[in-house]
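Enquirer: Residues in the sequence shown are numbered from 94 upward in steps of one, following our numbering. Backbone N, C-alpha and C fix where the C-beta goes; we use that ideal spot for every residue, glycine too.
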Amino acid sequence: MEAIQFQQLPALFRQIGAVMQENEAYLCELDAEMGDGDLGLTMRKGFTALPAIIEELQAAEPALSKVLMKAGMKLASVVPSTMGTLMGSGIMSGAKAVGDVQALDGEALTRFYRGFAEGLQKRGKCQVGDRTVLDAVDAAAAAAERCPERTLVAVAEAAHRGAQEGLEATKTMLPKFGKAAVFSQKATGRVDQGAVVGVLLTQAIEAFCRS
Numbered sequence: 094m095e096a097i098q099f100q101q102l103p104a105l106f107r108q109i110g111a112v113m114q115e116n117e118a119y120l121c122e123l124d125a126e127m128g129d130g131d132l133g134l135t136m137r138k139g140f141t142a143l144p145a146i147i148e149e150l151q152a153a154e155p156a157l158s159k160v161l162m163k164a165g166m167k168l169a170s171v172v173p174s175t176m177g178t179l180m181g182s183g184i185m186s187g188a189k190a191v192g193d194v195q196a197l198d199g200e201a202l203t204r205f206y207r208g209f210a211e212g213l214q215k216r217g218k219c220q221v222g223d224r225t226v227l228d229a230v231d232a233a234a235a236a237a238e239r240c241p242e243r244t245l246v247a248v249a250e251a252a253h254r255g256a257q258e259g260l261e262a263t264k265t266m267l268p269k270f271g272k273a274a275v276f277s278q279k280a281t282g283r284v285d286q287g288a289v290v291g292v293l294l295t296q297a298i299e300a301f302c303r304s
């Protein structure tokens, strides 16, 4: 695949939704150790709802970035939790960074990841190293930016690999936000559950780009 076309957006988010659904129990298990235990449910509910929402948006809006922007807004309303709001903000910021394109090639996907990371940072008021989803997504964006081959598949692969490295780094970080901060003594040696969501996102996008 050379680029993700405008009409392929619902299929892209079906892929993401499927990956979130497959990992629902795992995410809930991780979240139960450091949070409320409903992260998997939230991500599955939010992302599996997006394909139909995007199809409806596309019927009235021909611009890719605007469809993604509105989809991010909808995600935040479908699952009005902390992570739902963060992921919605990431999509909206990523959409803005993509600009006036009608397909996501390697360059546009790189901009999407960087915009996504900036949206997380702004909305969550967090920094890299704070042990959040940002640690995975920022690492994904940085890896995409360093990727010497600018094809869609190469960028998607680099981003996923970068996200995995960012996730691994969270094992040595202490949480600063939410209930996880209360159980910070449990964090050492464990990956951050939010960062796992970032890895799953890049995993799904890479799989779709390879299809």
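Assuming residue 233 contacts residue 291 under a Cβ cut-off of 8 Å, what Cβ separation, rounded to an integer in Å, is found between them?
Expert: The Cβ separation is near 7 Å, so the contact holds.
Enquirer: Does DSSP put residue 286 in a helix, a strand or coil?
Expert: Three-state DSSP puts residue 286 in a helix.
Enquirer: What's the call for residue 299, buried or exposed, on a 16-neighbour Cβ count within 10 Å?
Expert: Per the 10 Å Cβ criterion, buried.
Enquirer: Taking 8 Å as the threshold, find out whether the stretch 186-200 comes into contact with the stretch 166-173 through three or more Cβ pairs.
Expert: Output reads no: the stretch 166-173 does not touch the stretch 186-200.
Enquirer: Pick helix, strand or coil for residue 196, following the three-state DSSP scheme.
Expert: In the structure shown, residue 196 sits in a strand (DSSP, three-state: E or B).
Enquirer: Report yes or no: do three or more beta-carbon pairs, one from the stretch 220-239 and one from the stretch 248-262, lie closer than 8 Å?
Expert: Output reads yes: the stretch 248-262 touches the stretch 220-239.
Enquirer: Relative to the alpha-carbon of residue 101, which residue among 133, 112, 114, 198 has its alpha-carbon at the smallest distance?
Expert: With distances taken between Cα atoms, residue 101 lies closest to 198.
Enquirer: Which stretch, first to last residue, makes up the alpha helix (DSSP H) that contains residue 304?
Expert: Premise fails: residue 304 is in no alpha helix (DSSP H) and is neither H nor E.
Enquirer: At a cut of 8 Å, does the stretch 133-153 reach the stretch 112-125 through at least three beta carbon pairs?
Expert: Contact holds: three or more Cβ-Cβ distances are below 8 Å.
Enquirer: Can you grab the Cα-Cα spacing for the pair residue 223 / residue 105, in whole Å?
Expert: The straight-line gap from Cα to Cα measures roughly 29 Å.
Enquirer: Near residue 266, which residues of its chain fall below 8 Å by C-beta distance, leaving aside the five closest residues on each side in sequence?
Expert: Only 222, 223, 224, 228, 280, 285 meet the Cβ criterion.
Enquirer: Determine the extent of the alpha helix (DSSP H) in which residue 121 is found, giving its start and end residues.
Expert: Where residue 121 is concerned, the enclosing alpha helix (DSSP H) stretches over 117-127.
Enquirer: Taking the alpha-carbon of residue 208 as reference, which of 128, 99, 162 has the nearest alpha-carbon?
Expert: Selected option, being the one with the closest Cα: 162.
Enquirer: Can you say whether residue 177 is buried or exposed, counting buried as having 16 or more other CB atoms within 10 angstroms of its CB?
Expert: Label assigned to residue 177: buried.
Enquirer: Excluding the 5 residues flanking residue 257 on each side, which residues of the same chain have their C-beta closer than 7 Å to its C-beta?
Expert: Counting only Cβ-Cβ distances below 7 Å, and skipping sequence neighbours, we find 292.
Enquirer: What residue range is occupied by the uninterrupted alpha helix (DSSP H) comprising residue 135?
Expert: Residue 135 -> alpha helix (DSSP H) spans 132-153.
Enquirer: Skipping 5 residues on each side, what residues in its chain have a beta carbon closer than 6 Å to that of residue 124?
Expert: Cβ within range, chain order: 130, 132, 286.
Enquirer: Of all the options 194, 184, 238, which has the alpha carbon lying nearest to the alpha carbon of residue 214?
Expert: Looking at the Cα atoms, 184 is the closest of the given residues.
Enquirer: Given this structure, state the Cα-to-Cα distance separating residue 289 from residue 179, to the nearest angstrom.
Expert: Those two C-alpha atoms are separated by around 14 Å.
Enquirer: Where does residue 225 fall in DSSP's three states?
Expert: In this structure, residue 225 counts as coil in the three-state DSSP scheme.
Enquirer: Would you report the Cα separation of residue 182 and residue 226, rounded to the nearest angstrom?
Expert: About 12 Å.
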